[in-house]
Each structure stands twice: as structure tokens, then as C-alpha cells.
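Asks: The structure under discussion is supplied below as C-alpha cells; questions concerning it will follow.
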Amino acid sequence: MKHRLIQSNTLPSKLWKTVHIVVLIGLSMILIFNPVGSINGLITTIGFLLLVSNLIYFAYALKRKSTGGMFTAVLQCLLGLFLILNAVFSLKLFSIVVGVLVVISGVFSLLLTNSSSKLWKRSAPLLLITVGLVLIIFPSLGIIALSYILAGTFLLTAFGKIGELF
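Pasting the structure below:
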């Protein structure tokens, strides 16, 4: 167990978390300050990154036989796929499907989060659930609302990662 503890605090781990934080904050700033300009391309890119990164994570979870990790990876892959489809076709149905996937992902993340965890660890799943419900109830909010929702999610995740660093 001591070996795992030492390994998780190595420089590459902290460097990876720092890069992740910078990317998340950068993406959220693009989404906030340019919601209309190139949002379809950005959402397609985000969907593609979600799809690819979670396929890799699925393989890792499969290797470790982590059922929760595999389930989360599949949900995130589906979310990435439907983000791509939503950006390409802009249909209300895709917004509803994205909303359902986000709610399921948020509920699952909330169940995996320890109830004694700090507020920032519990706030991201709650935000996901809220975002998903908004997309289900108001699917015609469109791409601009989705960009602000994604920006908020990215910022909360970045702040959570900052909390993990310290």
C-alpha cells in the first residue's frame, strides 16, 4: 500500500493534474467568451475527446476489473458520441439524450462520492444532475445554453482538481 501512496504523489501525477486544470479552465473560458462563434466545432471536439479518453479509461478499468469505472467510461463515451451528434444535427432529441446521460452520470458519480467528502467533491455531480434535468426539460435551449453548462462543469471540475493538488 505504501508503494501506491508514493506513486500517486509523484511529479508526473501532479503535472498531469495541473495540465488537466489548465485545459479545463481554458476550454471554459472559450465557451464563456465565444458561445456562438465556433461552438459546434468546439462541442464536436469535446465530444471526440470524451469519446477517445473514456475508451482508454474503459480499457484501464477493464484491466483492473472495476465495474464502476467501466460503467462510468461507457456513459461518458455515450455522452461524447451524443455531443458530436447534437453539434452536427442540432436536434432536440439529442439534447434530451445528452440530458439523460448527464443525469445518470451525475447520479452515479454522486453515489460513488463519499458522503463525508468535501463540498467541492459533491458539487460536480450535483451540477451534472441539474444540467441534465435542464436539458431534458428545456431541450430547445440550444447550443449556447449547452456551452455555458459545459463551461460551468469544466470550471467545477478544475476547482475540484485544484483541491486534489493541495
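First residue of the sequence shown: 6, per the numbering used here; consecutive thereafter.
Ideal Cβ positions, reconstructed from N, Cα and C, are used throughout, including at glycine.
1) I believe Ser-110 touches Thr-77 by the beta-carbon criterion, under 8 angstroms. Please report the beta-carbon distance rounded to the nearest angstrom.
2) Going by C-alpha distance, which of Ile-61, Phe-113, Ile-101 is nearest Val-139?
3) If you follow the alpha helix (DSSP H) that Ala-94 is in, where does it begin and where does it stop?
4) Does the separation of the CB atoms of Ala-163 and Ile-26 fall below 9 angstroms?
5) Give every residue of the same chain whose Cβ lies closer than 7 angstroms to the Cβ of Gly-137, excluding the five residues on either side of it in the sequence, and list them in chain order.
6) Can you find the residues in the same chain that come closer than 7 angstroms, C-beta to C-beta, to His-8, ignoring five residues on each side of it along the sequence?
7) Compute the distance between the beta-carbons of Leu-67 and Leu-160, then report whether it is under 9 angstroms.
8) Within its chain, find whatever has a CB closer than 6 angstroms to the CB of Leu-90; leave out the 5 residues flanking it on each side and keep chain order.
9) Roughly how many whole angstroms lie between the Cα atoms of Ile-48 and Ile-61?
10) Note down the Cα distance separating Gln-81 from Val-93, rounded to an integer number of angstroms.
11) Can you tell me which of the three DSSP states Phe-143 falls into?
12) Rounded to a whole number of angstroms, what is the C-alpha to C-alpha distance between Gly-31 and Thr-72?
Replies: Quick answer:
1) Contact between Ser-110 and Thr-77 holds: CB atoms are separated by about 7 angstroms, below the 8 angstroms threshold.
2) Comparing Cα positions, the closest option is Ile-101.
3) It should be noted that the sequence gives Phe, not Ala, for residue 94. Residues 72 to 94.
4) Yes, Cβ-Cβ distance for Ala-163 and Ile-26 is below 9 angstroms.
5) So the qualifying residues of the chain are Gly-104, Val-105, Val-107, Val-108, Gly-111.
6) The predicted model places His-8 with a pLDDT of 48, which falls under 50 and marks its position as unreliable; any figure quoted below should be read in that light. Around His-8: no qualifying Cβ.
7) It is not a contact, given that the beta carbons lie outside the stated cut-off.
8) So the list reads Phe-99, once near-sequence residues are dropped.
9) Rounded to the nearest whole angstrom, the C-alpha separation of Ile-48 and Ile-61 is 20 angstroms.
10) Cα to Cα, the separation comes out at about 18 angstroms.
11) Taken through DSSP and simplified to helix, strand or coil, Phe-143 comes out as coil.
12) For Gly-31 and Thr-72, the distance between alpha carbons rounds to 32 angstroms.
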